[in-house]
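Participant: One structure is given below, represented as structure tokens, and several questions about it will come after.
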Amino acid sequence: MPITYTSGEQVEVYRFSIPVTIGVPLLALFFQAFIPVRFPRFAVYIDLPLLVTIFFAMARRNPISGLLTGAVIGLAQDMLGRGPIGMYGIAKTVVGYGASSLGVKLDVENAGARFLVTLGFYLVHSAVYLAVGRFLLNMTQNQSWFHGFLAGLANAMLGTFLYFALDKFKQRT
Amino acid sequence: MESVLGRYKNLIWLVGVLFLQVLGLATQVKRGNDPEHTRLIRVWVISAITPFERGVLWIEHGTGDLWHNYIYLRGVRAENRQLKDQIEQMRLEQVRLSEDAAQARRLQNLLAFKEQFIAKTVAAQVIGTSGTPTNRVIYIDKGKDDGISKDDAVITADGIVGKVSLVNSSDAQVLMISDQMSGVGVIIGDDRLQGWLGGTSNGEVVLNDVMSDETVPIGARVMTSGGDRIFPRGLPVGTVAKVTNGKDLFLNIKIKPAADLSRLEEVLVVVEKQQRQAVAEGDVRMRAADILAQRLPSVPAKPAAAGGAAPEASAKSTPNGAAVTAALKPASASSSGTTPKTGSGTTDRSGAAAEAGASPAAAGPIKPANATNGTASTASPSTTKTSAAQREKTSSDGASRDGMSSDAAVPSAPAGTNAPTVSPKPASPKPKSAQPPAQLPASPTANDANPH
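In structure tokens, the structure reads:
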């Protein structure tokens, strides 16, 4: 599996147009909120805003940009629910920072690397989310790790295809 | 110093952003987790998302209507036949239920029982969800502009859904009963056990505060108790799916919601409730002939002394004379303030559902199959002072004369109560007042037993 270590100079850094920067996260939030009306289990297994966060963070390869993207998308996701605002924000901030930092170090342009990175960050995201709920808000959440792993696999598979579709919007710096 | 800041710039940013969010969380925890506190910031995102959702649903319905109304008409006849059969079955069922409801209302009337009724509902469409598995909320396409306010009950024809937790001008957020933060007062099964219903983090619906020494059968129906002041009493909630021993001497009861919470498309929001005394069905139903008869001049009752014949019988009848007279004027009593208050005119396009909820017995115009000429509809509690024996006699006379079945009218009227009796026709050429009072033996014991 070609996950190669590269120097910062070797990897390409991409940027996105403003409509894509705003529109893609909004669309992800829209689909995340709307699809469960027709397919109720969708929200249980798939986290489209997380996939978008990982994609932008890995493509830009700038940790500050990545963590800010994650924070904004996560906070917006929090606002759609009824719970405290900040749980998804914190989790996606960490993921955005991690994914962009990893993007600097590793070549994450191929499908295999993307699959593994997405699976790994889904688990990190779940762990941070649960930790925030448990230790900061004292919320009880019955989370099955096996179920979480399955959801991670589903997200990784979807993410792999989604990233190739979103690659079309990349602009070289 | 500058080199250190430059070197750890990314990390400092991460810590800074995380710190701000933790600070925000702490503020929310301190102020209480009410979405109203963060209303403004939530509205931004909701306003950005819901127009897309409305648009997609509009397109979906447009194409769906085109398909269903013009293209996909195959099988409509068969479906029509099937629905007609279903209607026949439901008519039979309604006869049975309306009798039960009438009896229940009479009993409620006896106790001056006050109850909340659904007076007005607004139909709304589900346009979105929270998109997260931890928050069980949905968004509907009606808001403050449509009369919806916070804490309104949200129901479907099958059962309760939740309550309105956040209202915007044109949409609203509904907290479903499967959410961790929800709570509904309920009654379980025939034993009328009280408890409260809540959700879990997995989205299951569980019943709390039922002691482990109670017996809760699987499949028992769960209804709202009305104690939460949000849901009117008696709405279906679900059935008991699983019972296990929980912690602290309480049972762990899992409920299968009556409404399919995962596949909601349209819901009803209860925007207006009425608290009023239950009205017995006899008050509600009146024949047109009775209403007409009360407006016509009636034959004055003969003075007992003037009759001359059978003075003993007249004397015996005196204590019941008033009762008999009262029995002869059902229409006047019925029309003097016991007019049904079914909230008519207050319903919108879902008014039928609301009215049915308000007065199920009055909603259906279908007469009992065994009441040949609408006897049940003439049963009136205004004829309450008649003794059991009188009722029996009156009913049998009425049945023989009018060809109606008195049993159908008053299936289980207990003796000595003010249960309604069959009213005779006042406009009849041979009214009951013309019958010798001696034929209606007094039953003071029965009258004394009347709680009123």
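Chains A and B, in that order, are what the protein sequence lines are.
Residue numbers for the first sequence follow our numbering, so the first one is 95 and each next one is one higher.
Residue numbers for the second sequence follow our numbering, so the first one is 60 and each next one is one higher.
We treat Cβ as the ideally placed atom computed from N, Cα and C, and that holds for glycine.
If you're wondering where the values come from, they're calculated on a predicted model, not measured in any experiment.
1. Quick check on B:I312 - is its C-beta less than 9 Å from some C-beta in chain A?
2. List the residues of chain B whose Cβ lies closer than 9 Å to the Cβ of A:T187, in chain order.
3. Would you be able to state if there are at least three C-beta pairs under 8 Å between the stretch 141–151 of chain A and the stretch 183–195 of chain A?
4. So which residues of chain A does B:P276 contact, with C-beta pairs closer than 8 Å?
5. Relative to the C-alpha of B:G242, which candidate in B:V185, B:K89, B:W72, B:N267 has its C-alpha closest?
6. Can you pull the chain A residues whose beta carbon is under 7 Å from the beta carbon of B:V196, in chain order?
7. Evaluate contact between the stretch 227–244 of chain B and the stretch 281–296 of chain B, counting only Cβ atoms and requiring at least three cross-stretch pairs below 8 Å.
8. I'd like to know whether the C-beta of A:I112 is nearer than 9 Å to at least one C-beta of chain B.
9. Please decide whether A:N249 counts as near chain B, where near means a Cβ-Cβ distance under 9 Å.
10. Along chain A, in chain order, which residues have C-beta atoms closer than 7 Å to that of B:R322?
11. Quick check on this structure: which residue in A:I112, A:Y139, A:R135, A:P134 has the alpha carbon closest to the alpha carbon of A:G269?
12. Excluding the 5 residues preceding and the 5 following B:G202 in the sequence, name in chain order all residues of the same chain whose CB lies nearer than 7 Å to its CB.
13. Given that a residue counts as buried once 16 or more other Cβ atoms are within 10 Å of its Cβ, and exposed if not, what is B:M282?
14. Report yes or no: is there a C-beta of chain A within less than 9 Å of the C-beta of B:S229?
15. Sorted by chain position, which residues of the same chain lie with C-beta nearer than 8 Å to B:E325's C-beta, five sequence neighbours on each side aside?
16. Have a look at B:Y67 and A:F133 and give me their C-alpha separation to the nearest angstrom.
17. Identify which residue in B:V154, B:R280, B:G190 has its Cα closest to the Cα of B:G293.
18. Would you mind sorting B:R165 into buried or exposed? The rule is 16 or more other CB atoms within 10 Å of its CB.
19. Looking only at its own chain, which residues have a Cβ that is under 7 Å from the Cβ of A:R208, when we skip the five neighbours before and after it?
20. Check whether the Cβ of A:Y216 lies closer than 9 Å to any Cβ atom in chain B.
21. Quick check: is the beta carbon of B:E112 nearer than 9 Å to any beta carbon in chain A?
22. I believe B:V196 touches A:G175 by the beta-carbon criterion, under 8 Å. Please report the beta-carbon distance rounded to the nearest angstrom.
23. Within a Cβ cutoff of 8 Å, which residues of the same chain sit near A:N249, ignoring the five residues on either side of it in sequence?
24. Looking at B:E112 and B:G190, is the spacing between their C-beta atoms short of 9 Å?
25. Taking 9 Å as the CB-CB limit, is A:M152 close to chain B?
26. Could you list the residues in the stretch 86–105 of chain B with a C-beta less than 9 Å from some C-beta on chain A, going in chain order?
27. Beta-carbon separation of A:A180 and B:L234 under 9 Å?
28. Taking the alpha-carbon positions, what's the B:F78 to B:T193 distance?
29. Along the chain, where does the beta strand (DSSP E) containing B:Q87 start, and where does it finish?
30. Taking Cβ to Cβ, would you say A:T147 is nearer than 9 Å to A:K186?
31. Please report how far the alpha carbon of B:A300 lies from the alpha carbon of A:L244, in whole angstroms.
32. Check whether the Cβ of B:I118 lies closer than 9 Å to any Cβ atom in chain A.
33. Kindly identify the DSSP beta-bridge partner or partners of A:Y108.
Facilitator: The structure says:
1. no
2. L73, V76, L77, Q80
3. Verdict: yes, contact present.
4. None at all; the shortest Cβ gap to chain A is about 26 Å.
5. Residue B:N267 is the option with its Cα nearest to B:G242.
6. G175, R176
7. yes
8. no
9. no
10. P134
11. Because chain A is modelled from 95 through 267, residue 269 of chain A falls outside the range shown and cannot be assessed.
12. Cβ within range, chain order: V226, N227, S228, S229, D230, A231.
13. buried
14. no
15. Correct list, in chain order: A182, A183, Q184, V185, T215.
16. CA-to-CA, the gap between B:Y67 and A:F133 works out to about 44 Å.
17. B:R280
18. buried
19. Only residues of its own chain outside the window of five on either side were considered, and among them V202, G253, T254, Y257 have a CB closer than 7 Å to the CB of A:R208, listed in chain order.
20. When Cβ-Cβ separations below 9 Å define contact, A:Y216 makes no contact with chain B.
21. Yes, contact with chain A.
22. 6 Å
23. Y139, I140, D141, L144, L145, T212, L213, Y216
24. no
25. No, its Cβ sits nowhere closer than 9 Å to a Cβ of chain B.
26. Q87, V88, N92, P94, T97, I100, R101, V102, W103, V104, I105
27. For the record, residue 180 of chain A in the displayed sequence is Gly; it is not Ala. Not in contact: A:G180 and B:L234 (Cβ atoms no closer than 9 Å).
28. Cα to Cα, B:F78 sits roughly 23 Å from B:T193.
29. Looking at the DSSP string, B:Q87 is not in any beta strand (DSSP E); the run it does join, the alpha helix (DSSP H), is 68–90.
30. yes
31. 27 Å
32. no
33. Beta-bridge partners assigned by DSSP to A:Y108: A:R266.
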